[in-house]
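To start, the structure itself, in structure tokens.
Number of protein chains: 2
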Amino acid sequence: MNRVERHACFGGRQEVWKHPSAALGCEMRFGVYLPPAAVAGERCPVLYWLAGLTCNEQTFITKAGAQEHAARHGLILVAPDTSPRGAGVPNVDSYDLGEGAGFYVNATQAPWSQHYRMQDYVAQELPALVEQQFPCTEARGIFGHSMGGHGALITALRNPGRYRSVSAFAPVVAPSQVPWGSKAFAAYLGEDREAWKEWDAVELIASAGERLPLLVDQGDSDEFLSKQLRPELLEQACAAAGHSLTLRRHPGYDHSYYFIASFIGDHLAHHAASLR
Amino acid sequence: MNRVERHACFGGRQEVWKHPSAALGCEMRFGVYLPPAAVAGERCPVLYWLAGLTCNEQTFITKAGAQEHAARHGLILVAPDTSPRGAGVPNVDSYDLGEGAGFYVNATQAPWSQHYRMQDYVAQELPALVEQQFPCTEARGIFGHSMGGHGALITALRNPGRYRSVSAFAPVVAPSQVPWGSKAFAAYLGEDREAWKEWDAVELIASAGERLPLLVDQGDSDEFLSKQLRPELLEQACAAAGHSLTLRRHPGYDHSYYFIASFIGDHLAHHAASLR
């Protein structure tokens, strides 16, 4: 691993690292914020952020304003890229498939299956690298936005015991039932919709092996609300399964990082309560 | 004026507007944050941010994390672009001259003098537009970063009585004495260095008609510290003139928006104390 950026930030350090990924077969970058406690050598919990369509490892670290809160709570923040990238990695000319649109699944279909193994990367390879390099405790949380909100929910639901906290901003809760998810899943996972269920939060909630309480924030002026996000499907699934869900609908807020920044402090507090 | 973006943000609204500029002879954009008090119709003071080289009206509003503090203090934030732009506007292939590098002066030399009148724009035309469109009091503050820190200092010093508060992050304090400023001033103002003095904060401090206290933050790991910024020249000028200066040197901080975000709350509090 090589560090490519280092900036003092709220008494800690915002860094960017690059490394060869075995899971993805390409070089990957991630952002890591080390709070003052970690800079001083204290082991801290790690909170993983999964970003949305078109984003990369820079988006969250430059726009969300999370470092101030991570500094106060003593949380390490890790923000990976949203897909494999670069020479040899399959791609198409589309914002919602291929590069920038990994959907945090392990693809099974050609030409995607060799590189697009983002679930292995975010749930296994990246935490192992992070926990080797930085002063971490074993407490992990995960959250994300939109496609990355979907990623956070499925990653927590698929890995009982691995995370202590989970939350999401404007997540794609039922990818199998909406255009973004259907397009990506058909490409990455094939046409058999049975295979999609293990990557769909609303499907996974029914039989979850662990019931971490969910915090979900959603703007009611989000331009993707009714077609792509459909939080009511998560509400129904949680109610049916007895899964704790705090779904906050915020009047006037849209899908942007202005929405995320406005409520990021609440999410950091939510995670800190379980992680510290 | 036309609004081109509107986002709910910390209970208020982050907007972007575009308008034809008479001073600059082109279309210009600026960001404006309206705190909850302004959205509710209450008149609020306006704090102007001047950004640095290569930036535009998006940089501050997406990266600085100022809205949270502006919401709490009830301040309107206005963030213009850093130069005229577009078809018919002179430009060169350089990051520190032409587009993105207006230096907040009124150019007197061809080919720049027709469009590069950023001082008229930020000190006169833009405030008049803002005060017509939004619920503003007559209290104005101004701050900025790097080239925009220079801009904030000279704009306050050249316009006694027009601003109630001023501050800067890593400002170019003596453009006449450093490479960035010498290159820009030679192009925009000509080779006669006498003409540069009215655009140089260190020169203006000696005979300032008003002595607003200055708050300046500077990272001591700033890559431009000794060659372009030289805060010791401002210290000397303020000491000689009896001008109040709070210069804070922050160990380990660089020139980035991670530095700005880390201390933006202190600057908003500084301005709010004079503006509200």
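Protein chains in written order, with the numbering used here: chain A, -13 to 262; chain B, -13 to 262.
A virtual CB, placed ideally from N, CA and C, is assigned to each residue, including glycine.
*Identify the residues that DSSP records as bridge partners of A/Cys12: which are they?*
A/Ser7
*Is it right to say B/Leu259 is buried, meaning 16 or more other beta carbons lie within 10 angstroms of its own, or is it exposed?*
It should be noted that the sequence gives Ala, not Leu, for residue 259 of chain B. Exposed is the call here.
*Quick one: which chain A residues come within Cβ less than 9 Å of B/Asp203?*
Near B/Asp203 there are no residues of chain A at all, since even the closest Cβ is about 12 Å away, more than 9 Å.
*Can you pull the chain B residues whose beta carbon is under 7 Å from the beta carbon of A/Gln44, in chain order?*
Simply none; closest approach about 11 Å.
*Three-state secondary structure assigned by DSSP to B/His229*: coil
_Every unbroken beta strand (DSSP E) inside the segment 185 to 235 of chain A [3 residues or more]_ = 200 to 205
*Test item: CB-CB of A/Leu143 and A/Leu219 under 7 Å*: By the CB criterion at 7 Å, A/Leu143 and A/Leu219 fall outside the cutoff.
*asked:* I need the straight-line Cα distance from B/Arg58 to B/Phe(-4), nearest angstrom please.
replied: As the crow flies, the alpha-carbon of B/Arg58 is around 9 Å from that of B/Phe(-4).
*Between A/Ala(-6) and chain B, is there a C-beta pair that is closer than 7 Å?*
yes
*For A/Cys30, write down the residues that DSSP places opposite it in a beta bridge.*
The partner list for A/Cys30 (beta bridge, DSSP) reads A/Cys122.
_With a threshold of 8 Å on Cβ separation, who are the neighbours of B/Glu221 within its own chain once the five nearest residues in sequence on each side are excluded?_
Exclusion of the five residues before and after B/Glu221 leaves Leu231 and Leu233 as the residues of its chain whose Cβ lies within less than 8 Å of its Cβ.
*Does the segment 162 to 178 of chain A come close enough to the segment 192 to 206 of chain A to have 3 or more Cβ pairs within less than 8 Å?*
No, the segment 162 to 178 of chain A does not touch the segment 192 to 206 of chain A.
*List the residues that DSSP assigns as beta-bridge partners of A/Ala96.*
In the DSSP output, where bridge partners are listed per residue, A/Ala96 has none listed.
*According to DSSP, what are the bridge partners of A/Tyr19?*
A/Gln0 and A/Leu63
*asked:* In the DSSP output, which residue or residues are listed as bridge partners for A/Glu(-9)?
replied: Per DSSP, the beta bridge partners of A/Glu(-9) are A/Val2.
*Just tell me which of A/Arg29, A/Thr40, A/His229 and A/Ala96 has its CA closest to the CA of A/Tyr81.*
A/Thr40
*How is the alpha helix (DSSP H) around B/Ala258 delimited, first residue to last?*
Tyr243 to Leu261
*Would you give the residue range spanned by the alpha helix (DSSP H) that A/Ala50 belongs to?*
Taken as a continuous stretch (DSSP letters only), A/Ala50 belongs to no alpha helix (DSSP H), as it is neither H nor E.
*Just reading off the alpha helix (DSSP H) that B/Phe171 is part of, what are its end residues?*
Pro165 to Leu175
*By the 10 Å Cβ neighbour count, where 16 or more other Cβ atoms means buried, how is A/Val152 classified, buried or exposed?*
buried
*asked:* Quick check on the burial criterion: 16 or more other C-beta atoms within 10 angstroms. Buried or exposed for A/Val(-10)?
replied: Result: exposed.
_Quick check: what's the CA-CA separation for A/Ala226 versus A/Val188?_
11 Å
*Can B/Gly130 and B/Leu36 be called in contact, C-beta distance under 7 Å?*
In this structure, B/Gly130 sits near B/Leu36, with a CB-CB distance shorter than 7 Å.
*Residues of the segment 235 to 247 of chain B with a CB closer than 9 Å to any CB of chain A: list them in chain order, please.*
His236, Pro237, Gly238, Tyr239, Asp240, Ser242, Tyr243, Tyr244, Phe245 and Ala247
_Relative to the C-alpha of A/Tyr244, which candidate in B/Ile47, B/Gly238, B/Val91 and B/Pro21 has its C-alpha closest?_
Ranking the options by Cα distance to A/Tyr244, first place goes to B/Ile47.
_So, at 6 Å on beta carbons, what are the nonlocal neighbours of A/Ala181 in its own chain, with the 5 sequence-adjacent residues on each side left out?_
Excluding sequence neighbours, A/Ala181 sits near Leu175.
*Could you tell me which residues DSSP puts in a beta bridge with B/Trp35?*
BP columns for B/Trp35 point to B/Phe129.
*Can you find a heavy atom of the ligand MG that lies under 6 Å from the Cβ of B/Leu190?*
This structure simply doesn't include the ligand MG, nor any ligand for that matter.
*Mind pulling the chain B residues with CB within less than 8 Å of A/Gly51?*
Gly51, Glu54 and Ala247
*Is the CB-CB distance between A/Thr123 and A/Arg29 below 7 Å?*
yes
*For A/Val108, the three-state DSSP class (helix, strand or coil)*: Helix.
_Neighbour flag for A/Thr48 against chain B, beta carbons, 7 Å_ = yes
_Check for me: the beta strand (DSSP E) holding A/Val152 runs from which residue to which?_
Segment Ser151 to Phe155, the beta strand (DSSP E) holding A/Val152.
*asked:* Rounded to whole angstroms, what is the Cα-Cα separation between B/Thr117 and B/Ile140?
replied: The amino acid occupying residue 117 of chain B in the given sequence is Glu; Thr does not appear at that position. Whole-angstrom Cα-Cα distance: 21 Å.
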